[in-house]
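K.L.:
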Amino acid sequence: THRYVEEAFKQVKARKNVRDVVILNDAGNPVRTTMDRDDAVHFSGHFQAIRGRLERGMSKIDPKDELLMLRVRTKTNEVLLVPDSKITVLVVQDAQD
119 THRYVEEAFK
129 QVKARKNVRD
139 VVILNDAGNP
149 VRTTMDRDDA
159 VHFSGHFQAI
169 RGRLERGMSK
179 IDPKDELLML
189 RVRTKTNEVL
199 LVPDSKITVL
209 VVQDAQD
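Residue numbers (our numbering): 119 to 215.
1) Would you call the stretch 120-132 in contact with the stretch 181-191, where contact means no fewer than 3 C-beta pairs closer than 8 Å?
2) Find the nearest neighbour of residue 168 within the set 129, 132, 133 and 200, judged by alpha-carbon distance.
3) For the 8 Å Cβ check, are there 3 or more pairs between the stretch 122-141 and the stretch 174-183?
4) With 9 Å set as the bound, which would you pick, yes or no: does the beta-carbon of residue 198 sit closer than that to a beta-carbon of chain D?
5) Pull up the distance between the alpha-carbon of residue 176 and that of residue 156, whole angstroms please.
6) Which of the three DSSP states is assigned to residue 141 in this structure?
7) Within the stretch 141-184, note down every full alpha helix (DSSP H) run reaching 4 residues or more, in order along the chain.
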């Protein structure tokens, strides 16, 4: 899994406009990040809470469906949350038109 995390981190960090990357393990704890550790824990906690609420809400619409990506955009920033079977990747990037 360490190799998987490192490869995901490297691929995401190399993308244009990416400012920060946080990779969470299956327990939701940051295992690799560009942020300060405390900031990563705080930041990922907020998005994990949103994820949980969204998944509970979506399950009422279709219990067999699953979250593939969560995208939150402001005027200047965009945050992507992408879960898979082993890790969750959080990406902060500059918003583009």
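We put the CB at the ideal spot given by N, CA and C, even for glycine.
Just so you know, these numbers come straight off a predicted model, no measurement behind them.
P.N.:
Checking against the coordinates, here is how it stands:
1) no
2) Residue 168 sits at position 50 when you count from the first residue of the sequence shown. Of the candidates 129, 132, 133 and 200, 200 places its Cα closest to the Cα of residue 168.
3) Judged by Cβ distances under 8 Å, the stretch 122-141 makes no contact with the stretch 174-183, as fewer than three pairs qualify.
4) In the displayed structure, chain D is absent; only one protein chain is listed.
5) The residue given as residue 176 occupies position 58 in the sequence shown. The residue given as residue 156 occupies position 38 in the sequence shown. Residue 176 and residue 156: Cα-Cα distance of roughly 30 Å.
6) In the sequence shown, residue 141 corresponds to position 23, counting from 1. Looking at residue 141 - three-state DSSP - the assignment turns out to be strand.
7) 155-179
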